[in-house]
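To start, the structure itself, in structure tokens.
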Amino acid sequence: GAGVSQSPRYKVAKRGQDVALRCDPISGHVSLFWYQQALGQGPEFLTYFQNEAQLDKSGLPSDRFFAERPEGSVSTLKIQRTQQEDSAVYLCASSLGGEQYFGPGTRLTVT
Amino acid sequence: AQSVAQPEDQVNVAEGNPLTVKCTYSVSGNPYLFWYVQYPNRGLQFLLKYITGDNLVKGSYGFEAEFNKSQTSFHLKKPSALVSDSALYFCAVRPYGGSQGNLIFGKGTKLSVKP
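Protein sequences appear in the order of chains Z and W. The numbering used here runs 5 ahead of the 1-based position in the first sequence. The numbering used here runs 145 ahead of the 1-based position in the second sequence.
Take a look at the structure:
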């Protein structure tokens, strides 16, 4: 594909529901990152994969957040029992080293 | 703590005038520095990066940035602004350098270029 794609682009969840956000990185990119961008703020790091290995998950805000990349390509960020403070844009980025290429993001609204 | 500061929430410039968007950083070691631009409902787009070498780096769309180690700054510049440059600009740093690892972003600066 031409770039990083994410789905869905928009997600509305009722508080307490589980959500799953998908990221398709650029083909061949070894590194994959998830960021959370709150309204009016810069993106904040959540977690990082190199191939299928999750090398850093220090940015995940709670144990309700879980990410996986089982085959070293597509990644899923799962949020269990969503809370209002989880409302944000979730950005995925992939990289071969050097600059990161970002997807359009998934805007999650928890009501 | 490692951080990136963008001291201006908004920068207003007249079309054709030079623009500067400021960024300072506080990290350990020799960081890699980046600028990204974000248009509404679109992902972040890479503009330019500094890794090593010449302190003035040139990037996409006529933008350039100057790395100043003593002032720990990496200001974004363009000699002549266009209305189409209006967007949200983010400075970012990867601590410790290296080819891997997450980015730390500033909170962003909204650039408004008026005709």
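C-beta: ideal position from N, C-alpha, C; glycine also. Computed from a predicted model, the values in this text were never measured in an experiment.
Is the beta carbon of residue i sitting closer than 7 Å to the one on residue j?
i	j	result
residue 110/Z	residue 94/Z	yes
residue 96/Z	residue 55/Z	no
residue 192/W	residue 205/W	yes
residue 9/Z	residue 103/Z	no
residue 215/W	residue 258/W	no
residue 151/W	residue 236/W	yes
Give me the residue from the options with the minimum Cα distance to residue i.
i	options	result
residue 52/Z	103/Z, 14/Z and 80/Z	80/Z
residue 19/Z	88/Z, 108/Z, 106/Z and 105/Z	88/Z
residue 90/Z	58/Z, 40/Z, 46/Z and 114/Z	114/Z
residue 247/W	44/Z, 49/Z and 26/Z	49/Z
residue 213/W	158/W, 227/W, 171/W and 147/W	171/W
residue 45/Z	92/Z, 104/Z and 67/Z	92/Z
residue 201/W	178/W, 158/W, 153/W and 258/W	178/W
residue 227/W	211/W, 151/W, 195/W and 256/W	256/W
residue 197/W	187/W, 158/W, 211/W and 153/W	211/W
Am I right that residue i and residue j are in contact with their C-beta atoms under 8 Å? What's the rounded C-beta distance?
i	j	result
residue 116/Z	residue 24/Z	Residue 116/Z to residue 24/Z, Cβ: 12 Å. No contact.
residue 3/Z	residue 37/Z	Within the shown structure, residues of chain Z are numbered from 6 to 116, placing residue 3/Z beyond reach of any answer.
residue 253/W	residue 21/Z	Residue 253/W to residue 21/Z, Cβ: 31 Å. No contact.
residue 261/W	residue 250/W	Any property of residue 261/W remains undetermined from this structure, which presents chain W solely from 146 to 260.
Using a Cβ-Cβ cutoff of less than 6 Å, which residues in the same chain neighbour residue i once the five nearest sequence positions on both sides are dropped?
i	result
residue 189/W	181 and 183
residue 225/W	161
residue 85/Z	23 and 69
residue 218/W	169
residue 61/Z	53
residue 30/Z	9, 37 and 99
Going along the chain, which residues of its own chain have a beta-carbon closer than 8 Å to the beta-carbon of residue i, five neighbours each way excluded?
i	result
residue 33/Z	101
residue 208/W	180, 192, 193, 221, 222 and 223
residue 83/Z	23, 24, 25, 26, 70, 71, 72 and 73
residue 59/Z	52, 53, 72, 73 and 74
List the endpoints of the continuous beta strand (DSSP E) containing residue i.
i	result
residue 214/W	First-last for residue 214/W: undefined, no H or E at that position.
residue 36/Z	36-42
residue 247/W	Careful: residue 247/W lies outside any beta strand (DSSP E) and carries neither H nor E.
residue 115/Z	111-115
residue 170/W	169-171
residue 228/W	Per DSSP, residue 228/W belongs to no beta strand (DSSP E) and is neither H nor E.
residue 49/Z	49-55
Can you list, in chain order, the residues of its chain with a C-beta nearer than 7 Å to that of residue i? Leave out the 5 residues immediately preceding and following it.
i	result
residue 65/Z	51 and 52
residue 35/Z	55, 56 and 101
residue 234/W	166, 180, 182, 221, 253, 254 and 256
Counting only Cβ pairs nearer than 9 Å, list the residues of chain A close to residue i.
i	result
residue 203/W	Note that chain A does not occur in the displayed structure, where the protein chains are Z and W.
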